[in-house]
Amino acid sequence: MRYYLLGVLAAATTSAAQAQISAGTVLLGGSLGYRQQLTKVAATGFLPAYEDRLRQITVSPTAGYFVANNLVVGVQMNWQQETRNYPAIIPVVINPGPGQPTATVLYGENTTRWMQLGPFVRYYQFIGDKAAFYGHAGAGYSAATYKDKPPVYFGNSDAKNSGFYGQLSPGFVYFPTHFFALEVGLRGLSYQRLSYSGDDYTGEKPTSSAFDMGFRLRDLRLGASFYLGRGYSL
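Just add 301 to the spot in the sequence shown (first one is 1) and you have this note's numbering.
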């Protein structure tokens, strides 16, 4: 019994030693997120049926270097595009005389693009030989452009913003091989502060700040990473 317990302890110790990412490993990878939302409203009274459609895609390439076991420091870029087709209800009088007016629906489109670039730090906590949770923290430069194409009768509008961001997010990683991993992460906590930077704006530049939490199913990010030069622990 004593030798059996010693064997189990030795196996557990060896497993814990192997369940790490050694210093000197190079991380190359990224994640991808997609979201689509469609809201339909039925016709009521003189209002016709209409819908509101939202599409969002996020791409986040990552590169880093492990400065210690399970601790990586690197650079990450987040790029996101969000497109919304929104309705504009236009009243139309069918007859000039008495009677209930009707309406028609015209659709506009606005597109917002975000780009974030900055350093990050990530720490892995293994729960076996092939799986680990990690915490990810990053900050850096943020920029956004906004283009609105409303229905006819209205003019287009453009805007530009720039500033900084901060992010704290959790994730889970699985290693089907020693040097390759699949990742699932959440958008987590984020903060962003932007100021208007359009050249055609002559007044005092307005600023905006936003704190956001993303822990829902639609905030999932799927990714894959290579761990180049990852050694085997003895």
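We put the CB at the ideal spot given by N, CA and C, even for glycine.
If you're wondering where the values come from, they're calculated on a predicted model, not measured in any experiment.
Subject >> Own chain residues within Cβ distance below 7 Å of Arg519, not counting five before or after >> reply: Locating residue 519 in the sequence shown gives position 218, counting from the first residue. The beta carbon of Arg519 lies closer than 7 Å to those of Arg336 in the same chain, with the five residues before and after it left out.
Original post:
Which one of Phe473, Arg531, Tyr466, His479 has the shortest CA to CA distance from Leu490?
Top reply: Within the sequence shown, residue 490 is the residue found at index 189, counting from 1. Closest in C-alpha terms to Leu490, from the list Phe473, Arg531, Tyr466, His479, comes Tyr466.
**OP:** Whole angstroms is fine: what's the gap from Pro420's alpha carbon to Ser361's?
**Re:** Against the sequence shown, residue 420 aligns to sequence position 119. Against the sequence shown, residue 361 aligns to sequence position 60. So the two alpha carbons sit approximately 13 Å from each other.
Original post:
With DSSP run on the structure shown, which of helix, strand or coil describes Arg531?
Top reply: Here residue 531 refers to the residue found at position 230 of the sequence shown. Residue state, collapsed to three classes: coil.
Original post:
From which residue to which residue does the beta strand (DSSP E) around Lys431 run?
Top reply: Walking along the sequence shown from the start, residue 431 turns up at place 130. No beta strand (DSSP E) contains Lys431, which DSSP labels as neither H nor E.
Original post:
Could you give the distance in angstroms between the alpha-carbon of Leu310 and the alpha-carbon of Leu333?
Top reply: Working through the sequence shown from its first residue, we reach residue 310 at position 9. Working through the sequence shown from its first residue, we reach residue 333 at position 32. Residue confidence is low: Leu310 scores 33 on pLDDT, short of 50, so the model does not pin down where it sits. No coordinate-derived value is stated.
**OP:** Consult DSSP for Arg356 and reduce its assignment to one of helix, strand or coil.
**Re:** As a first step, residue 356 is located in the sequence shown; it is residue number 55 there, counting from the start. Looking at Arg356 - three-state DSSP - the assignment turns out to be strand.
Original post:
Under the three-state reduction of DSSP, which class applies to Val485: helix, strand or coil?
Top reply: For the purposes of this step, residue 485 is identified with residue 184 of the sequence shown, where counting begins at 1. The answer is strand: DSSP assigns Val485 an E or B state.
Original post:
By Cβ distance below 6 Å, which residues in the same chain neighbour Glu383 in space, the five residues on each side in sequence not counted?
Top reply: Taking the sequence shown and counting its residues from 1, one reaches residue 383 at position 82. Counting only Cβ-Cβ distances below 6 Å, and skipping sequence neighbours, we find Gln357, Thr413.
**OP:** Indicate the three-state DSSP secondary structure (helix, strand or coil) for Arg517 in the structure shown.
**Re:** Here the question's residue 517 lines up with position 216 in the sequence shown. Three-state result, Arg517: coil.
Original post:
Out of curiosity, what's the CA-to-CA distance linking Gly545 and Leu483?
Top reply: Here the chain comprises residues numbered 302 to 535, so residue 545 is not present and cannot be evaluated.
Subject >> For Leu348, the first and last residue of its enclosing beta strand (DSSP E) >> reply: Numbered from its first residue, the sequence shown carries residue 348 at position 47. It is not in any beta strand (DSSP E) - Leu348 carries neither H nor E in the DSSP assignment.
Subject >> Environment of Val474 [buried if 16+ CB atoms lie within 10 Å] >> reply: Here residue 474 corresponds to residue number 173 of the sequence shown, with the count starting at 1. It counts as buried.
Original post:
Can you tell me whether Val373 is buried or exposed, with buried defined as 16 or more other CB within 10 angstroms of its CB?
Top reply: Here residue 373 refers to the residue found at position 72 when the sequence shown is read from its first residue. Its Cβ being crowded by 16 or more others within 10 Å, Val373 is buried.
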